[in-house]
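Reading the sequence shown from the start, the letters are residues 720 to 860 in this note's numbering.
Cβ atoms here follow ideal geometry from the backbone N, Cα and C, with glycine treated the same way.
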Amino acid sequence: MKNKILTGCASLLWILYACQSGSRGDKAQDHTLDTTAQQLSTVANEPLRFHLVKVAGERDTISFEIEQPSLVTATLSTPSDTGNIRINQIIMPDGTMDGPFGKTYKDSLYIPGTYQLIIAESLMQGDTYGGGYDVEIEIRK
């Protein structure tokens, strides 16, 4: 009788564990957009332009590449220029990070390689943002 109870409890625990989702609701999910392939087809000195749709509570990552020291300006805009969304961080090719920023980022970047912009909500502002947004990345050598 004792073995049946232990087996039943163990089975119930296993079923409960197996039914849990792989991610927790309090962690932001990531969406990555690699723009380096699209960047190759752009005209020289033309900004990279992207129209994206953000899922509330999730982070988006936009990658771009520079080959030589450049002045980079990234601008994020929403249809009504409102909403809790910003450029949270920039990740450099050497792994260092900087941020948070607002809806614009402008800096001279000296390390050649792939940079990543993390787009997400400000955790200090409250409501999450879901909806369309545009990102323009201008790279001047």
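Residues near residue i by beta carbon distance below 8 Å, same chain, minus five either side
{"i": "Pro812", "result": "Ile830, Pro831, Gly832, Thr833, Tyr834"}
{"i": "Met816", "result": "Gln808, Ile809, Ile810"}
{"i": "Gly850", "result": "Val772, Lys773, Thr797, Pro798, Gly802"}
{"i": "Gln679", "result": "Summary: the structure shown does not reach residue 679, with the chain confined to residues 720 through 860, and so no result is reported for it."}
Beta-bridge pairing of residue i - partner residues as DSSP gives them
{"i": "Thr833", "result": "Glu784"}
{"i": "Lys822", "result": "In the DSSP output, where bridge partners are listed per residue, Lys822 has none listed."}
{"i": "Ala839", "result": "Arg805"}
{"i": "Asp813", "result": "According to DSSP, which records beta bridges pairwise, Asp813 is partnered with nothing at all."}
{"i": "Ser789", "result": "Leu828"}
{"i": "Thr794", "result": "Thr823, Glu855"}
7 Å Cβ shell around residue i - same chain, five flanking residues per side excluded
{"i": "Ser789", "result": "Leu828, Ile858, Arg859, Lys860"}
{"i": "Glu765", "result": "none"}
{"i": "Phe820", "result": "Arg805, Ile806"}
{"i": "His770", "result": "Gly851, Asp853"}
Residue i - DSSP class collapsed to helix/strand/coil
{"i": "Tyr852", "result": "strand"}
{"i": "Asp846", "result": "coil"}
{"i": "Lys860", "result": "coil"}
Close-in-space but distant-in-sequence residues of the same chain around residue i (CB under 6 Å, 5 per side omitted)
{"i": "Thr792", "result": "Lys825, Glu857"}
{"i": "Ala839", "result": "Arg778, Asn807"}
{"i": "Thr823", "result": "Thr794"}
Enclosing beta strand (DSSP E) for residue i [first to last residue]
{"i": "Gln808", "result": "805-810"}
{"i": "Lys773", "result": "767-773"}
The ligand MN heavy atom lying under 7 Å from the CB of residue i
{"i": "Tyr834", "result": "Inclusion of the ligand MN in the displayed structure is not the case, the ligand content being empty and no account of it being possible."}
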